[in-house]
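J.: Heads up: the sequence shown begins at 34 in the numbering used here, then just goes up one per residue.
All C-beta atoms, glycine included, are put in the ideal place defined by N, C-alpha and C.
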Amino acid sequence: MNMNGYDPEDAPGAPPIHGKGDQAYNTGAHFAVMGILTALLGRDAGGEGQYIDCSMHEALSSATEVGLPHWLYTKTNIIRQTGRHAATIRTEPWIHRARDGKDVLVFNIGRSNESWGKLKRWMQSHGFGANFDEERFDDPMNRMAARGTPEAKEIFAEVSSFVGTLDAEEVYRGSQACGLPWGTVRSPDEAVDDPHLHDRGHFVATTGEGLDGEALMPGAPYVLTASPWEMRRPAPKLGEHTDEVLAELRAPTPE
34 MNMNGYDPED APGAPPIHGK GDQAYNTGAH FAVMGILTAL LGRDAGGEGQ
84 YIDCSMHEAL SSATEVGLPH WLYTKTNIIR QTGRHAATIR TEPWIHRARD
134 GKDVLVFNIG RSNESWGKLK RWMQSHGFGA NFDEERFDDP MNRMAARGTP
184 EAKEIFAEVS SFVGTLDAEE VYRGSQACGL PWGTVRSPDE AVDDPHLHDR
234 GHFVATTGEG LDGEALMPGA PYVLTASPWE MRRPAPKLGE HTDEVLAELR
284 APTPE
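1) Between T217 and K135, which are expected to be in contact by the criterion C-beta below 8 Å, what is the C-beta distance as a whole number of angstroms?
2) In terms of DSSP beta bridges, what is D136 paired with?
3) Is it the case that the Cβ atoms of V137 and V237 are separated by a distance below 8 Å?
4) Please say whether M250 and T239 have beta carbons closer to each other than 8 Å?
5) Using beta-carbon positions only, say whether M36 and A119 come within less than 8 Å of one another.
6) Return yes when the Cβ of I188 is within less than 8 Å of the Cβ of R176, no when it is not.
7) Please look up how many angstroms separate the CB atoms of P38 and I50, rounded, as I've assumed it's under 8 Å.
8) Do you know offhand how far S88's Cα is from P102's?
9) Give the straight-line distance between the Cα atoms of L93 and P228, rounded to the nearest whole angstrom.
10) So, for G143: in the same chain, excluding its five sequence neighbours on each side, which residues have a beta-carbon less than 7 Å away from its beta-carbon?
11) For G100, does the count of other Cβ atoms within 10 angstroms reach 16, so buried, or fall short, so exposed?
12) Check M250 in the structure and name its three-state DSSP category.
13) I'd like the ranges of any beta strand (DSSP E) spanning at least 3 consecutive residues and lying wholly in the region 209-264.
14) Would you kindly check if the distance between the Cβ of A65 and the Cβ of Q83 is under 8 Å?
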C-alpha cells in the first residue's frame, strides 16, 4: 500500500489505497509460476525434482518497484502519486481530463526524438506547443518526466491544455499514431466494448467461475501465429483434482 494512493490535491489526507483484484494473491501466483517453470527446467536438466516454497509476502516485497531499493540504499521514503509511479519527489501528472469528461493517461513523453517530433507537430497543428521548437527542448533529458526540469513541467502543462480540447478517443488515436503509449482510462464495461480487443480475439468465453452459463474473460495479451493458445476450462479449484492425482500415484507401475 506504500505504492498506491493519490496526490494531496486529488484526495487531501487520504490513507494508502489497497490494491483491488486480489493483487497480493495474483502477485504470489505470478512468482509461483516462474518458480514452477524454473524447477521444471532444472528437473529436465538434472532429473531430480524439488519442493517449491513461494511466500506471498516475499513476492510482494519484490514487487514494490522503487520503494524497496530507495529505502535499502538511501533510507528515503517514496511519495504516493495519482496514477503514476511513486517517487521520492512530486512528478508531473500523467492523467488529464479530455473535452468529453473522460480521463486520458499520457506517458513516455519526449524519450525519443522521433515520437517527440510527431507529438510536437500534432500539437502545433492544433495551436499548441509553439515554444517547443526552442533548442532547450531538443535534449531528451530535458523533456523526460520525473527529472524536475522546467522543460518537462512546461511540456506537461501544455499537453494538459491540449488534451482538454479533444475527446478522449481522439487523444488515444492521435497519440498512438505518434508512437506514444497513451490510453483512455476505462471502466471494465467500456473495455469489454472495445472493438479493437474483439478484433484481436482477446476475450474468451468460459463456464464456471461461480456463474450460470458462460462468462466473458480476458484472454492472452498476445497473438502467436506459430503457437496459438486455447483456454479449455477454468483454472482448477483448490483440491479439485486431489483424489484423481493421488489415485494415479497409487496405481501400480506397468512392468
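T.: Result, derived from the coordinates:
1) Numbered from 1 along the sequence shown, position 184 holds the residue referred to as residue 217. Numbered from 1 along the sequence shown, position 102 holds the residue referred to as residue 135. Between K135 and T217 the Cβ distance is about 6 Å, and since that is below 8 Å, they are a contact.
2) Here residue 136 corresponds to residue number 103 of the sequence shown, with the count starting at 1. Its beta-bridge partners are R130.
3) Counting from 1 along the sequence shown, the entry for residue 137 is found at position 104. Counting from 1 along the sequence shown, the entry for residue 237 is found at position 204. Result no, Cβ atoms of V137 and V237 do not sit closer than 8 Å.
4) The residue you call residue 239 lines up with position 206 of the sequence shown. The residue you call residue 250 lines up with position 217 of the sequence shown. Yes, the pair counts as a contact, with Cβ atoms nearer than the cut-off.
5) Residue 36 sits at position 3 when you count from the first residue of the sequence shown. Residue 119 sits at position 86 when you count from the first residue of the sequence shown. Closer than 8 Å, so yes.
6) Position 143 of the sequence shown, counted from the first residue, corresponds to residue 176. Position 155 of the sequence shown, counted from the first residue, corresponds to residue 188. Yes, Cβ-Cβ distance for R176 and I188 is below 8 Å.
7) Start at 1 with the first residue of the sequence shown, and residue 38 comes out as number 5. Start at 1 with the first residue of the sequence shown, and residue 50 comes out as number 17. According to the sequence as given, residue 38 is Gly; it is not Pro. With 8 Å as the limit, G38 and I50 qualify as a contact, their Cβ atoms being about 5 Å apart.
8) The sequence position of residue 88 within the sequence shown is 55, counting from 1. The sequence position of residue 102 within the sequence shown is 69, counting from 1. When rounded, the distance between both Cα atoms is 19 Å.
9) What you label residue 93 is simply residue 60 of the sequence shown in a count that begins at 1. What you label residue 228 is simply residue 195 of the sequence shown in a count that begins at 1. Taking the straight line joining both Cα atoms gives about 34 Å.
10) The residue labelled residue 143 in the question sits at position 110 within the sequence shown. Around G143, the same chain offers W149, P173, R176, M177 and I188 as residues with beta carbons nearer than 7 Å, after the five sequence neighbours per side are excluded.
11) Translated into positions along the sequence shown, residue 100 becomes position 67. Counting the other Cβ atoms within 10 Å of the Cβ of G100 gives 16 or more, which makes it buried.
12) As a first step, residue 250 must be located in the sequence shown, where it is residue number 217. M250 falls in the strand class under three-state DSSP.
13) If we require 3 residues or more, the beta strand (DSSP E) runs fully inside the region 209-264 come out as 236-241 and 244-251.
14) Your numbering for residue 83 matches position 50 in the sequence shown. Your numbering for residue 65 matches position 32 in the sequence shown. Their beta carbons are not under 8 Å apart, which means Q83 does not touch A65 by this criterion.
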